[in-house]
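Scroll down for the structure; my scribbles are underneath it.
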Amino acid sequence: MEELEMQAVIEGLLYVCGDEGLKLEEAARTLGVSEQEAEKQLSVCKDRIQNNLLGLEVKINGNKYQLVTNEKTAPFIEALASVPERGKLSQASLETLAIIAYNQPITRTEIDDIRGVKSEKAIQTLINKVLITDSGRAQSIGRPKLYNTTDRFLEYFDLSSLDELPTLDDVEEHDVTEEADLFFDALK
Amino acid sequence: MEELEMQAVIEGLLYVCGDEGLKLEEAARTLGVSEQEAEKQLSVCKDRIQNNLLGLEVKINGNKYQLVTNEKTAPFIEALASVPERGKLSQASLETLAIIAYNQPITRTEIDDIRGVKSEKAIQTLINKVLITDSGRAQSIGRPKLYNTTDRFLEYFDLSSLDELPTLDDVEEHDVTEEADLFFDALK
Amino acid sequence: MKRYNVKIDSFEGPLDLLLHLIHQAEVDIYNIPVAVITEQYCEYVQTMQELELDVASEYLVMAATLLEIKSKMLLPQDSEYSEEDPVDIEEDPREELLSRLVKYKKYKEAAYHLKEKEKAASSYYAKAPTVHHQDNDDSSEKESSLPEGLTLFDMLEAYQNLQKRIRVSSSQVTTVKAEEISIEEKMEDIVHILEKKQGEIKFYDLFLTREKPHIVATFLAVLELMKHRKVTCIQAANFEDIKVEYIEEAAY
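Residue numbers (our numbering), protein chains in the order written: chain A, 1 to 188; chain B, 1001 to 1188; chain C, 2001 to 2252.
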């Protein structure tokens, strides 16, 4: 891989890793280079971002590289969160609500697993808004709380019952067509 | 606020919003400028990133701005992270979606007429995928639902606006008649 | 006669099938040999029925339309009639079919374009929104009033976004969580559950968290408890539920 291409990939990796950061060994493995080489490339990338961008920089914590916003922009990021648009119901809350609606009853850990991030706050928000409620405890170890949607949830989204939730048919439709294609191709 | 500072803030906001995207009005409100000014600044930022970075770019879908990795880096990101399999749309869904995109708002019967088959299932799939939505009811008999594409439609197909859809070579009514004449002449 | 590709199920409808036949016959859409195409079309529909595929009524309606057109083509041209009443020619059903075909073909092409766009668009990736951002967001949601104008589709959209989100955290290098679950803790948990459940529980009810580390730790904990003679497992018959019972006198 050429240096320019490697630099492009590093940028991309730093970005998608976001707040979790990119570990040196992950970078090396993905680029298919030694950790030493990866470290050099990451350092070049850090400098490039420093020199070319105004609001972002690369922070190093141990062997973790993280793309972060710099201090100047912090107050504005907080301001963004208070934009009324955003005050509605956050993406986090909506995601959590969808997961509960389609998988109830469900524990917090299971929700966290699906979302890949902690959902404690979102769950609290939804409880406060009486869109979900805890309906008891799972029989599993630690007896975690189980969450369900409420009648208010149905009312709010104008559903007569949970059965009215649109089905999440995803890949199947496509697969079936493809299988049919293969089948008929084989007949040729 | 000076231009350089504004640019720094926009970078930061784009980063923080991630795949949720930054709406034009949010940017304007956060920066405390008009939407016109915000649009100008976002455009400057888009160009700056385009010119100065190798692996990232700013994508515009409708009034939403999103910082994304570019195509070159995609295979490496797929290697590093687990990328959920994106169910591709079936032919029926794509046809239905194309008809809606070019004729919105449109009723189901009109779609059925163009396709020559029932499109109920495809419509439901598209609604579930939030690519279309019903936007009201036609004034005609039975008050049938009218369908429109959503913002997510733009995002899903990476269109900045509906204008970006290629024009169907507009064959006007009279053209069709002329062509029909040719067709039937040839049969004589 | 050429053998047709038996690919019936992949047609999107009678118009699609017609377009396919026209394309296969390598004739211009405006220059369709109606008699030949009609014959082929009917053969297709027949094959579909033979294969016991669910032939939608639309296919049969189209067959009827084609036959009607074909029969009209065979009639001698009544020149007097057409001169007197040219309006009738304009309302010819054949004309309507052509315009439908042309129109449908355009959307089929547009659908193809969308398919290409879909493919290209799926190679962009973005990070999840920064958590800090969500934190602040939630603080404005504290009040129990519900936001206005939120629809089911906002929720669905959020869910769709979630589904397409890449998960760096669950990358190929699996984080081993083993140290989080100690067998000692599991043993205590099981004893605790048994105390609450009057000293008896179904074996499978211990495994409600279906994560591998949990299952393994729980299983080992049960074995360990048996070894320490704190519990006993009873199975009345093959494939019956296994009961885990607490042995009172062995407690502590």
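Think of the CB as a built atom: it goes at the ideal place given N, C-alpha and C, for glycine as much as any other residue.
**OP:** Verify the CB distance criterion: does B:Cys1045 have a CB-CB separation below 8 Å to chain C?
**Re:** No, B:Cys1045 lies away from the interface with chain C (no Cβ there is under 8 Å from its Cβ).
Original post:
Does A:Val33 get closer than 8 Å to chain B when you measure Cβ to Cβ?
Top reply: no
**OP:** Locate the beta strand (DSSP E) running through B:Tyr1065, then write down its first and last residues.
**Re:** Lys1064 to Thr1069
Subject >> Segments of 3+ residues assigned as beta strand (DSSP E) that fall wholly inside the segment 1104–1164 of chain B >> reply: Complete beta strand (DSSP E) runs here, min 3: 1132–1137 and 1145–1149.
Original post:
Helix, strand or coil: which one does DSSP assign to A:Lys23?
Top reply: strand
**OP:** Step through the CB atoms of chain B and report whether any lies within less than 8 Å of the CB of C:Ala2221.
**Re:** no
Original post:
CB-CB under 7 Å to A:Ile49, same chain, minus the five flanking residues each way: which ones, in chain order?
Top reply: Cβ neighbours of A:Ile49 beyond the five flanking positions: Leu56, Glu57 and Val58.
**OP:** Have a look at C:Tyr2041 and C:Leu2060 and give me their C-alpha separation to the nearest angstrom.
**Re:** Their backbone Cα atoms lie some 10 Å apart in a straight line.
**OP:** Starting from the C-beta of A:Asp134, find all residues in its chain whose C-beta is less than 8 Å away, skip the five residues before and the five after it, and write them out in chain order.
**Re:** Ile127, Lys145, Leu146, Tyr147 and Asn148
Original post:
Residues in its own chain within less than 7 Å of C:Asn2005 by CB, not counting five upstream and five downstream?
Top reply: Only weak support is given to the placement of C:Asn2005: the predicted model assigns it a pLDDT of 42, under 50, and the question is left unresolved by the model.
**OP:** Identify the continuous beta strand (DSSP E) that holds C:Glu2200 and give its terminal residues.
**Re:** Glu2200 to Lys2202
**OP:** With 8 Å as the threshold, decide whether the Cβ of B:Glu1021 is near any Cβ in chain A.
**Re:** The question names Glu, yet the displayed sequence has Gly at residue 1021 of chain B. Not one chain A Cβ lies under 8 Å of B:Gly1021.
Original post:
What residues from chain A crowd round C:Met2155, counting only those whose CB sits closer than 8 Å?
Top reply: Leu94, Leu97, Ala98, Ala101 and Phe157
Original post:
Does any CB atom of chain B fall closer than 8 Å to the CB of C:Ala2025?
Top reply: no
Original post:
Which of helix, strand or coil does DSSP assign to B:Leu1056?
Top reply: strand
Original post:
Apart from the five residues on each side of it in sequence, which residues of its chain come closer than 6 Å, Cβ to Cβ, to C:Ala2035?
Top reply: Hits under 6 Å: Lys2070.
**OP:** Please state whether DSSP places B:Val1033 in a helix, a strand or coil.
**Re:** Note: B:Val1033 maps to coil in three-state DSSP.
Original post:
At a CB-CB cut-off below 7 Å, which residues of chain B make contact with C:Ala2056?
Top reply: Val1117
Subject >> DSSP beta-bridge partners of C:Val2231 >> reply: C:Tyr2246
Original post:
Less than 7 Å between the CB of B:Leu1168 and some heavy atom of the ligand NAP, yes or no?
Top reply: This structure lacks the ligand NAP; in fact it carries no ligand of any kind.
**OP:** Report the neighbours of B:Gln1007 on chain A: residues whose CB is nearer than 8 Å to its CB, in chain order.
**Re:** Leu54 and Gly55
Original post:
CB A:Glu25 to CB B:Leu1080, shorter than 8 Å?
Top reply: no
Original post:
What does C:Asp2130 touch in chain B if you count any residue whose Cβ is under 9 Å from its own?
Top reply: The amino acid occupying residue 2130 of chain C in the given sequence is Thr; Asp does not appear at that position. The answer, in chain order, is Tyr1015, Val1016, Cys1017 and Gly1018.
**OP:** Could you have a look at B:Asn1061 and say whether DSSP puts it in helix, strand or coil?
**Re:** strand
Original post:
Which of helix, strand or coil does DSSP assign to C:Glu2185?
Top reply: helix
**OP:** Quick one: residues in its chain with C-beta nearer than 6 Å to the C-beta of C:Thr2130, no 5 flanking neighbours on either side, listed in chain order?
**Re:** none
Subject >> CA-to-CA distance, A:Phe76 to B:Ala1138, given in whole angstroms >> reply: The straight-line gap from Cα to Cα measures roughly 44 Å.
Original post:
How should B:Pro1166 be labelled, buried or exposed, when 16 other C-beta atoms within 10 angstroms of its C-beta is the threshold for buried?
Top reply: exposed
Subject >> Burial state of B:Gly1018, where buried means 16 or more other Cβ atoms lie within 10 Å >> reply: buried
Original post:
Could you check where the alpha helix (DSSP H) with C:Leu2051 kicks off and where it finishes?
Top reply: For C:Leu2051, no alpha helix (DSSP H) encloses it, and the DSSP letter there is neither H nor E.
**OP:** Tell me whether C:Glu2240 sits in a helix, a strand or coil according to DSSP, three-state version.
**Re:** coil
Original post:
Beta carbon of A:Ile123, beta carbon of A:Phe153: below 8 Å?
Top reply: no
Original post:
Relative to the alpha-carbon of C:Leu2162, which residue among A:Asn61, A:Ile114 and A:Val68 has its alpha-carbon at the smallest distance?
Top reply: A:Ile114
Original post:
Does B:Thr1133 have its Cβ less than 8 Å from a Cβ in chain C?
Top reply: At least one chain C Cβ lies under 8 Å of B:Thr1133.
Original post:
With 8 Å set as the bound, which would you pick, yes or no: does the beta-carbon of A:Glu39 sit closer than that to a beta-carbon of chain B?
Top reply: no
Original post:
For B:Lys1121, which of B:Glu1011, B:Gly1062, B:Ser1093 and B:Ile1099 has the nearest alpha-carbon?
Top reply: Residue B:Ser1093 is the option with its Cα nearest to B:Lys1121.
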